[in-house]
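Here the structure comes first, spelled out in structure tokens, and everything after it is commentary.
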Amino acid sequence: MAETLRHVEDMVDNSPAVDVHETFHLYQELLAELKAKIDARFELQRDPSTLELESYGQYPDGPGGSLAAYSGPEVDWMVHSWLGNPSASFANLHLTVWLGPQVKVPHLGLALLVWPEGWFYLDSVPRVNLIADGEYYDSYYAPLDADWLAHRADPEFEYFVSRAGFIRASLSPTAYCYSFGRSERNIDIVRKLTHEHVDRWLRWVDEAPPVPEDERAALAETDLRMRRNIAERDPANVMGVRFFGQETTDKLVRGLWGGDRKLARP
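FYI, the numbering for the sequence shown is 108 to 373, going by the working numbering.
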């Protein structure tokens, strides 16, 4: 059970500069497959605040990226994005879905990174204090524990431990957060895990009981505070500053949590 404890920028700086477009395109295809499943389930509309972020930077001649955010009757904020310079070892891709307050199903968190080794994050972001709500834990996390432990024993995946305590605190007990060699075998495992997770998460949404109306405003407020804190405190934001400067990075971070949103929240 090897572990990695490094800053993202250190991993990039201490690695050879290589073209990682092959893995970058595989990641893009995987996120497109997963997003198609989500699009088929939810009514979603692109938030106008992210239209100017459809393409930014100098890619393919240098660092660039894209950020699209969506909202709908059941989804508070969905982000489909990438940032990086695949010609020089680095790309960071996200697909996250923050649900509306009509259900308490965990939010969907998914990120893929190449630096130039592989890395992935996959989690069910809890909406409650799991220590206080054992029933919630039993519903959404206990059934995943055996598979999580089995993957932890895979010698080709190194568990990634963030140097930022806040980020460590944001992970659920069954979060996948691993570095790995970019072999076909390992990327196939990531593909399998992410598809299974999204399929299961969509079933959770379909089967979830509704949240009482008088509890929804408080839940929505908690969700927003969590989403903003995670976006603003992400240590990987330093790579955005390096590539695009502070002003553009601040705009991208607001795009991740909805700071400039135009559409109403559900």
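All residues carry an ideal CB built from backbone N, CA and C; glycine is no exception.
Bear in mind the structure is a predicted one, so any value in this text is a computation, not a measurement.
Query: Residue burial classification, residue 330 (beta-carbon count within 10 angstroms, cutoff 16); Result: buried
Query: Sheet register partners of residue 182 (DSSP bridge); Result: 206
Query: Close-in-space but distant-in-sequence residues of the same chain around residue 323 (CB under 6 Å, 5 per side omitted); Result: 208
Query: Whole-number beta carbon distance between residue 351 and residue 170, since they are thought to touch under 8 Å; Result: 7 Å
Query: Delimiting residues of the alpha helix (DSSP H) encompassing residue 246; Result: 241 to 247
Query: Contiguous alpha helix (DSSP H) assignments of at least 4 residues, all confined to the region 228 to 282; Result: 241 to 247, 252 to 259, 272 to 277
Query: Closest by C-alpha distance to residue 185, when choosing among 273, 199, 216, 164; Result: 216
Query: Cα-Cα separation, residue 203 to residue 129; Result: 23 Å
Query: Those runs of the beta strand (DSSP E) which lie wholly inside the region 274 to 357 and span at least 3 residues; Result: 283 to 287
Query: Range covered by the alpha helix (DSSP H) that runs through residue 143; Result: 128 to 148
Query: Alpha-carbon spacing of residue 269 relative to residue 340, whole angstroms; Result: 12 Å
Query: Residue interval of the beta strand (DSSP E) (run including residue 216); Result: 214 to 221
Query: Residue burial classification, residue 307 (beta-carbon count within 10 angstroms, cutoff 16); Result: exposed
Query: Three or more C-beta pairs below 8 Å linking the region 178 to 195 and the region 278 to 293; Result: no
Query: Where residue 200 falls: helix, strand or coil (DSSP); Result: strand
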